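Working notes, beginning with the structure itself.
Number of protein chains: 4
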Amino acid sequence: MIPRYSRPEMTQIWEPANKFRLWFLIEAHACDAQAELGVIPKDAAAAVWAGGDKPYTEDRIARIDAIERETKHDVIAFTTELADQVGEMSRFVHQGMTSSDVLDTCFNLQLTQAADLLLADMDRVLNALKTRAIEHKFTPTIGRSHGIHAEPVTFGLKLAKHYAEFARGKQRLERAREEIATCAISGAVGTFANIDPFVEEYVAGKLGLQPEPISTQVIPRDRHAAFFSALGVIASSMENVAVEVRHLQRTELREAEEFFSKGQKGSSAMPHKRNPVLSENLTGLARIVRSAVVPALENVALWHERDISHSSVERMIGPDATVTLDFALNRMAGMIENMVVYSDRMHANLESLGGLHNSQRILLALTQAGASREDAYRLVQKNAMESWHQGRPLQELAVEDADIRAYLSEDEVNALFDLDYHTKHVETIFKRVFG
Amino acid sequence: MIPRYSRPEMTQIWEPANKFRLWFLIEAHACDAQAELGVIPKDAAAAVWAGGDKPYTEDRIARIDAIERETKHDVIAFTTELADQVGEMSRFVHQGMTSSDVLDTCFNLQLTQAADLLLADMDRVLNALKTRAIEHKFTPTIGRSHGIHAEPVTFGLKLAKHYAEFARGKQRLERAREEIATCAISGAVGTFANIDPFVEEYVAGKLGLQPEPISTQVIPRDRHAAFFSALGVIASSMENVAVEVRHLQRTELREAEEFFSKGQKGSSAMPHKRNPVLSENLTGLARIVRSAVVPALENVALWHERDISHSSVERMIGPDATVTLDFALNRMAGMIENMVVYSDRMHANLESLGGLHNSQRILLALTQAGASREDAYRLVQKNAMESWHQGRPLQELAVEDADIRAYLSEDEVNALFDLDYHTKHVETIFKRVFG
Amino acid sequence: MIPRYSRPEMTQIWEPANKFRLWFLIEAHACDAQAELGVIPKDAAAAVWAGGDKPYTEDRIARIDAIERETKHDVIAFTTELADQVGEMSRFVHQGMTSSDVLDTCFNLQLTQAADLLLADMDRVLNALKTRAIEHKFTPTIGRSHGIHAEPVTFGLKLAKHYAEFARGKQRLERAREEIATCAISGAVGTFANIDPFVEEYVAGKLGLQPEPISTQVIPRDRHAAFFSALGVIASSMENVAVEVRHLQRTELREAEEFFSKGQKGSSAMPHKRNPVLSENLTGLARIVRSAVVPALENVALWHERDISHSSVERMIGPDATVTLDFALNRMAGMIENMVVYSDRMHANLESLGGLHNSQRILLALTQAGASREDAYRLVQKNAMESWHQGRPLQELAVEDADIRAYLSEDEVNALFDLDYHTKHVETIFKRVFG
Amino acid sequence: MIPRYSRPEMTQIWEPANKFRLWFLIEAHACDAQAELGVIPKDAAAAVWAGGDKPYTEDRIARIDAIERETKHDVIAFTTELADQVGEMSRFVHQGMTSSDVLDTCFNLQLTQAADLLLADMDRVLNALKTRAIEHKFTPTIGRSHGIHAEPVTFGLKLAKHYAEFARGKQRLERAREEIATCAISGAVGTFANIDPFVEEYVAGKLGLQPEPISTQVIPRDRHAAFFSALGVIASSMENVAVEVRHLQRTELREAEEFFSKGQKGSSAMPHKRNPVLSENLTGLARIVRSAVVPALENVALWHERDISHSSVERMIGPDATVTLDFALNRMAGMIENMVVYSDRMHANLESLGGLHNSQRILLALTQAGASREDAYRLVQKNAMESWHQGRPLQELAVEDADIRAYLSEDEVNALFDLDYHTKHVETIFKRVFG
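Protein chains in written order, with the UniProt record's numbering: chain P, 1 to 435; chain Y, 1 to 435; chain B, 1 to 435; chain S, 1 to 435.
Printed below as a string of structure tokens:
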């Protein structure tokens, strides 16, 4: 996570002001629950809200930091500062709780907030893909397998494919969000020895979380591994889009281009030198987001009721993966929204091999007209090779070929070269994807 | 995937006999659909079933291999052999289809079969964990954070934690199975140019799959990335169990042990030398299963409508990850089922620090009895340190301490050392986990 | 590791016959050393060689397997079978040694053998790259950054770049081989309590290994992590070559092509459909080789003097990574050796933008002729854009431009479009790379 | 990279002040070389040094940032600000160069600086390990395989093992540093079309780098992949130490402990609650450092002469991996330097099984005294099991056993229980490791 690849919407989730605010909410709601149980006075809970329910300003954060430098304990520093605000009643705060109750619930809250932002990002990406897909629903372009011309598709289909992939990614993220939205207030080893399970349920309810069915000192880390894995798959789907755009913008294809603002320059004097730097950047950012997956998996097997090896990992991958993915998704959405599509170039490339992409159709037509598969193949191949080597359109050659014409009339041959044949099910596919 | 770490139930999914059988089913159902559409004769479809609906014996497989060595094309080799069985009507097989239609649908079918086996494995693991959890619901043992004694838990709680984690893993695997259970019969670039979408829908229905809403030449690989990620998280949860067992079996703990069959020997003459080799092995196997995640993520971004870079990866990680995890889950289930639990050693270790794990309770009791938190802390710490250094039980010291007794009666002090305090919510937690 | 991606030269290293042969050599040399020390009779050592110094036939291996099924101990099974061959004197075999002494030394021997094969593979790759680089030393082609035309290079330079990269990879592999070529015969916890260090030194010397300076029960696994990392970097360099070829073979570029044997067919009737399947395959295989790196890193931190979690990992990644890389390097070498290079297409693509790649040169020439950088840039850009949009060669436009001609004569302008300018240091670079 | 896990010595390498200073040095030395070649006036080069050879203050950096926000080009922003300092002659700066010449050479310089710091860190770690190893050269402790007591070692041996591992890590890092210390000033596609190779050689020499034998637009990324892999292996070795310490500090072992400063508190009132938080933290940080390896490997295969996908990755893993490892190595060195070793606890644990760890010795002694291996094994096992179950020392039981005494005198039996037997080669091993 570096400023260059960050948006404030996401970074603020990981900033002290938000973290301490969430700690406060956890503690204050816990006080309410404890008061309801009669463990602490109702006045105490009220005092905590009265004194503490306000933003963590820079001053307050600096004060907490100063205390932490002394006590070397972040939660104690936090409660000490809170005492300044709340007064004497603050001694009822955190009763029966363990630091991890606050830290783990807060981390899950932050991940939940991050997920909400990422889900909104996904919506922006999905919208962009859908809009452009519909715009280019019938823009013909050559489909390529192995980088080699195959048969025609439409540019809209390409985008619809990515839409469907991101829609799946969004679903996975929704589930990952649901899985991570848990709350643990269960004490030193998760037995509720010093705190009633009611507190956990109460706080969870107030914060939009589910109580963690069974925690130890910590919330189990398979939840987090699943969360970061979900981000990793989305990052790979993002790379998928990026690689497509990078290919389309290659000089020899020039079928689409990232938008270049007026002032922007490629690196040299050459006007053609417009580089797909956004999608290349997204390719790299995908690697970074994915790099969180393995450490998250390694974080699962903690010793007994907990060891703290996961903590340093999460302090980094928590912000890094979410901030980077948030930035990247927005960059990608913008890239798609503004992408310049050269349908003329698509058409030119599509036709550059003289209709060779219809050779399979002629083959099928010949067999349906009674030719054996072997004869049909031989006939088509002969003409296809001639077309390839002489640069003459296959259509012309096929019409002139007496052997082919023995099976098919001129009109029938010509009919085999219409593009509509390839796009006749676009509507069906779009219905499947967009409903 | 090596025989040492394989079960035949899973390896057979990846063997030619199963693969070719699935190819046959895909082709035969497709013929039925094409016949229904009138694209091919109904007799043709009937002939395919009549001639081909039988196992792929070693002879048949050898014949296919021989043809493939010649043609260098696996699907052509397959259909050629099928023609031997079906006769002349076999020329209607595979019409309008692309090799990938067969290969990708088959791969997803194999992963679906593998998932079903893994789900059954998970059930065995869950059963084992549940049975032993209930057995040891109230077997007290010391909870440890950072490897250091903290407060008491029960051994049943430890197992319940793993149960809950595996239950989540199973849910994720169910979703991953659902996601991977798709069928694509959409032709060279996914446009259905030469085949009606009805065929895909029909075949999908017959094989218990969903039609892939939009495919290119291939089924999108984010599905597979999500699948292998789900396996990776389960592998990490497995490591979590393994690390726990390895710890419990350490010479100094000896709280539990993998079962040793009569004949089995540790490596030396020492009878104590019973090594947790199963759980160590599981730790290693977890690393192997996880190693499939990154290549699966790297497989997502294929070029345009497909490149074939994913194929070699999947030929390896497909069998490797599923066979290894299947073997490992069964090994783990057996290990849990047969694990020898030494509740006496658990008790001895729990009490080895003279009740020090109750120090926090005394602290709370003193504050509730009116002591300031500072005073209470000082009093407890003084006695705790004495207990630690002199080896005398904290309970004795606390009873004798006049300052403590100023707040608490002897009975009240003694009451702070009962174990039930720590286990009073076990029932609640078990209800949450096991329902 | 699957047959499809294996060469027998490498797989045989990992087969039982080789493994047991290495075990025998370790034990037999150890007997010699023990005899020299007087720990066992000289006759015993002689008897071991006399009876055991012969290949492990299928029969012998089957016998060992049968014993292992009974004893569940591989080294005991091995020594028992050896006793069949050696007779009574075999009881002196393995004296003072630990199974790991044999297993770890053998694994390192196998990795050393594998490294030797891989080094030979690298030589084949280097030769292929060098030969083709020299062949195309001055074959001009457009250099591309971001997939966009930049300035001319030669195809030989492209290959020389990969040569230099593989030469570095080879050096790293040589070092990794050196690091892995160690021998440990140090007993149960590495203290030589029951065996003299002389034995280790002696056996190491005989097998071309170095004694491991300090082992525990096992050889430290940082050596193996470094080894598999070296393979991972080579795999990435292989992907680098593969991606280049895949790009060059794209329909729109067609600058180079993997060799297609006469019989071989692309998937359809279209003669242009020759797919870069080898390089796509190499891209996938690179992912597989790389996937060994993380588990090898996770294998380093074993518990105390050893745990056996590394073992299952190594049983898989040992063969998998070396066999796959060996196969892939040979496939790549063949691909490079036989690659069809279309220098005419390279030339056509190079010129397709009408000499625009010389715009920077004109800019420099104008500034050297006295124009301010700003003026020069403006002049060049104007003409470059005109060239781009009208499709007229920049050279023509520049000659016609009065403002440019104010600084440069017609000859001077034309001189800015010769290709030699870009290739004048090819010789220097080749000397750096090839010596 | 977050402040909590950073040291200023390393972070400053990655700060703008250092980066721009390195850019300046590259440009200024390049000017000298160009002046020597007569490409630019000598006065120009002199002016660049005269005006620019000074620190990048916050003001200057702010100015560069402001320009970059406008031009969106970092190198142009840099040279523009430099012009403020240098005056009119600054137009000769950067002549014939490409941004990547500056950026890539600078990145390698930063990595070289980082490597130098890390090498110093390694020295500190090595010193700490050596000092403590010598201190505890003969401190006996039980060796453990699989977490189970095996045979005695010394604590010094444990540390010597880690020393040897880190010494290897240092060597690998030295090589990685050597490999990364290259300079490329070769122009837009690496052909030196617009700049003489002499400039590259000259600048390389001045900056302590080697000229990159062949670059494209960029320095080949296999060098960086090898670099980050070297860091990854070191991180795993660090985890190896950390896991050892975490084990030794477990409540049941208490053989060693991280130093606790006076004021420091564990989380509760219990004095025994001193947690190995440093080594747990190091375990997590190892995961983070390792997570740079895969993206670095993925960065190798750039498209043609370069794409910029590597850049975002390196902006993050460059600082992250080096800053984190630097911090962690220093934390670890301090942890080792201050670690509290409880040799009495080591002794108590060693003896806790009543000398059972000598059972193998008795076995060997019996066979050497004429017993068959089978009889010897049976005799030892009988007594070992009795010792295990009754808790009586094996030594006592062995002395009393008539069957054993038939082969060995009382003195001979007792002699089998001295510790020196196990430590007799410690000197030899130390000589191997420390010279």
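For every residue, glycine included, the Cβ atom is placed at its ideal position computed from N, Cα and C. Note that the structure is predicted; figures quoted are calculated from it, not measured.
Between Lys161 of chain B and the set S:Ser145, S:Gly190, S:Ile180 and S:Pro3, the nearest pair of CA atoms involves S:Gly190. Interface annotation for the stretch 289-317 of chain P against chain B: Val294 and Glu298, criterion Cβ-Cβ distance under 9 angstroms. Trp23 of chain B and Ile142 of chain Y have their alpha carbons spaced roughly 45 angstroms apart. The C-beta of Gln395 of chain S comes no closer than 9 angstroms to any C-beta of chain Y.
Between Thr216 of chain B and Ser359 of chain S, the CB-CB gap reaches or exceeds 9 angstroms. Neighbours of Val277 of chain Y in chain B, taken as residues whose beta carbon is under 8 angstroms from its own, are Ile308 in chain order. For the stretch 91-168 of chain P, the full-length alpha helix (DSSP H) segments reaching 4 residues or more read 99-135 along the chain. Under the three-state reduction of DSSP, Arg175 of chain Y is assigned to helix. Closest in C-alpha terms to Thr79 of chain S, from the list S:Gln113, S:Val93 and S:Thr71, comes S:Val93. For Thr251 of chain P, the closest Cβ of chain B is nearer than 9 angstroms.
In terms of Cβ geometry, Val39 of chain P and Met89 of chain P do not form a close pair [threshold 9 angstroms]. Close CB contacts of Gln110 of chain P within its chain, under the 6 angstroms cut and outside five residues either way in sequence, are with Ile13 (chain order). Remark: fewer than three beta-carbon pairs, one from each stretch, lie closer than 8 angstroms, so the stretch 229-241 of chain S and the stretch 57-73 of chain S are not flagged as touching.
Boundaries of the alpha helix (DSSP H) around Asn338 of chain B: Ser309 to Asn338.
Here the stretch 424-434 of chain B lies against the stretch 185-201 of chain S, with 3 or more beta-carbon pairs under 8 angstroms apart. Looking at the backbone, the Cα of Tyr5 of chain Y and that of Ile288 of chain Y are separated by about 11 angstroms.
The straight-line gap separating the alpha-carbon atoms of Arg331 of chain P and Arg315 of chain S is approximately 17 angstroms. Residue-level contact check: Phe259 of chain P does not touch chain Y, since none of the beta carbons of chain Y fall below 9 angstroms from its beta carbon. Closer than 9 angstroms to the CB of Tyr5 of chain P there is at least one CB belonging to chain S. In the DSSP secondary-structure assignment, Cys183 of chain P is bridged to P:Pro211. In the structure shown, Ala62 of chain B falls within a helical segment according to DSSP collapsed to helix, strand and coil. Between Arg175 of chain P and Arg175 of chain Y, the CB-CB gap stays under 9 angstroms.
For the UniProt domain "Adenylosuccinate lyase C-terminal" (354-434) of chain B, the set of residues with a beta-carbon nearer than 8 angstroms to any beta-carbon of chain S comprises Gln360, Arg361, Leu364, Arg373, Tyr421, His422, Thr423, Lys424, His425, Val426, Thr428, Ile429, Arg432 and Val433, in chain order.
Annotated three-state conformation of Arg306 of chain S is strand, per DSSP. Identification of chain Y residues near Lys273 of chain S by a Cβ-Cβ cut-off of 7 angstroms yields Ile148, ordered along the chain.
For the stretch 93-112 of chain S, the set of positions with a beta-carbon nearer than 7 angstroms to some beta-carbon of chain P reads Ser99 in chain order. Your pair Gly232 of chain Y and Val293 of chain Y checks out as a contact, with CB atoms roughly 4 angstroms apart and the cut at 8 angstroms. Listed by position along chain S, the residues whose Cβ is nearer than 7 angstroms to that of Gly284 of chain P are Ser309, His310, Ser311, Ser312 and Val313. Distance from the CA of Lys130 of chain Y to the CA of Leu408 of chain Y, rounded to the nearest whole angstrom, comes to 41 angstroms. In the assembly as shown, Asn275 of chain B is a buried residue. Its beta-carbon has 16 or more other beta-carbons within 10 Å. At least 9 angstroms separates the beta-carbon of Gly318 of chain P from that of Ala230 of chain P. For Ile2 of chain Y, the residues of chain B that pass the 7 angstroms Cβ criterion are Arg315 and Met316, in the order they occur in the chain.
For Arg223 of chain Y, the enclosing alpha helix (DSSP H) begins and ends at Asp222 to Leu248. Counting only residues of its own chain and dropping the five nearest sequence neighbours on each side, Gln249 of chain Y has a CB closer than 7 angstroms to the CB of Ala256, Glu257, Glu258 and Pro276. Looking only at S:Ala17, S:Ala120, S:Ile219 and S:Lys54, the smallest Cα-Cα distance to Asp101 of chain S is reached by S:Ile219. The Cβ atoms of Ile214 of chain Y and Arg172 of chain P lie no closer than 9 angstroms to each other.
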